């Protein structure tokens with residue numbers, strides 16, 4: 223049975239860590255798209271425009287296939303990678319962590335930086351509420367008005383959420399359904415109308 227759930231965070235959370243007078247402020251955000259990632263990064267850069275570094279990592283998509291790490295001027299691999307490592311260790315997706323560093327005047331070295339970014343990211347994620355979401359698929363079903371009762375019976379399924387509905391001579395319903403339940407409902411709907419995956 224393939225996985226049809228994923229873990230993400232319920233709401234933004236924060237964490238912090240200090241090392242040799244350098245301050246690391248971590249922000250974790252739930253995100254769905256790269257556009258949202260950019261908005262959050264811009265927001266934090268404005269909020270902390272006097273900080274030396276704004277490093278981040280994110281993972282997107284139920285299959286975790288979109289991800290990025292950014293060291294933002296820190297030595298390569300010392301910031302983005304340890305932040306990304308924390309996302310992986312908690313098995314999260316659709317999550318962005320930004321760590322802002324205020325330099326304290328004392329260099330931390332490669333392992334010191336890696337450790338500081340890792341701990342700051344961990345603090346933010348430990349403060350977050352981790353939730354499990356289902357992977358849903360979205361379909362359109364088109365049918366004649368006379369088939370309305372048959373279709374609405376299927377729409378009452380606990381795994382179905384109606385997103386949009388249009389009733390004319392030809393009716394259309396856009397709905398989402400948990401991936402593992404999709405085949406059952408789609409096959410039943412095909413007997414009364416035309417179903418397309420959106």
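In our numbering, the protein residues as written are 223 to 420. Ideal Cβ positions, reconstructed from N, Cα and C, are used throughout, including at glycine. The structure displayed is predicted, hence computed values, not measured ones.
Would you say residue i and residue j are within 7 Å of each other, going by their C-beta atoms?
| i | j | result |
| --- | --- | --- |
| residue 432 | residue 292 | Lying outside 223 to 420, the shown extent of the chain, residue 432 is not represented and no answer is given. |
| residue 227 | residue 356 | yes |
| residue 378 | residue 347 | no |
| residue 247 | residue 322 | yes |
| residue 364 | residue 283 | no |
| residue 244 | residue 325 | yes |
| residue 305 | residue 343 | yes |
| residue 230 | residue 314 | yes |
| residue 354 | residue 381 | no |
| residue 275 | residue 296 | yes |
| residue 336 | residue 300 | yes |
| residue 351 | residue 273 | no |
Check residue i in the structure and name its three-state DSSP category.
| i | result |
| --- | --- |
| residue 268 | helix |
| residue 273 | coil |
| residue 343 | helix |
| residue 401 | helix |
| residue 311 | helix |
Rounded to whole angstroms, how far is the Cβ of residue i from the Cβ of residue j, which I believe are closer than 8 Å?
| i | j | result |
| --- | --- | --- |
| residue 384 | residue 358 | Residue 384 to residue 358, Cβ: 13 Å. No contact. |
| residue 349 | residue 237 | 6 Å |
| residue 317 | residue 250 | 6 Å |
| residue 367 | residue 389 | 7 Å |
Any idea if residue i is buried or exposed, counting beta-carbon neighbours within 10 angstroms, 16 or more meaning buried?
| i | result |
| --- | --- |
| residue 298 | exposed |
| residue 411 | buried |
| residue 376 | buried |
| residue 235 | buried |
| residue 308 | buried |
| residue 223 | Only weak support exists for where residue 223 lies, its pLDDT of 43 falling under 50; the coordinates are left without a value. |
| residue 310 | exposed |
| residue 340 | buried |
Locate the alpha helix (DSSP H) running through residue i, then write down its first and last residues.
| i | result |
| --- | --- |
| residue 228 | Run containing residue 228: none in the alpha helix (DSSP H); it sits in the beta strand (DSSP E), 227-231. |
Residue range of the beta strand (DSSP E) that residue i falls in?
| i | result |
| --- | --- |
| residue 412 | Counting along the chain, residue 412 falls outside any beta strand (DSSP E), though it belongs to the alpha helix (DSSP H) covering 404-412. |
| residue 248 | 244-252 |
| residue 318 | 317-324 |
| residue 376 | Element bounds for residue 376: not the beta strand (DSSP E) but the alpha helix (DSSP H), 370-377. |
| residue 366 | 358-366 |
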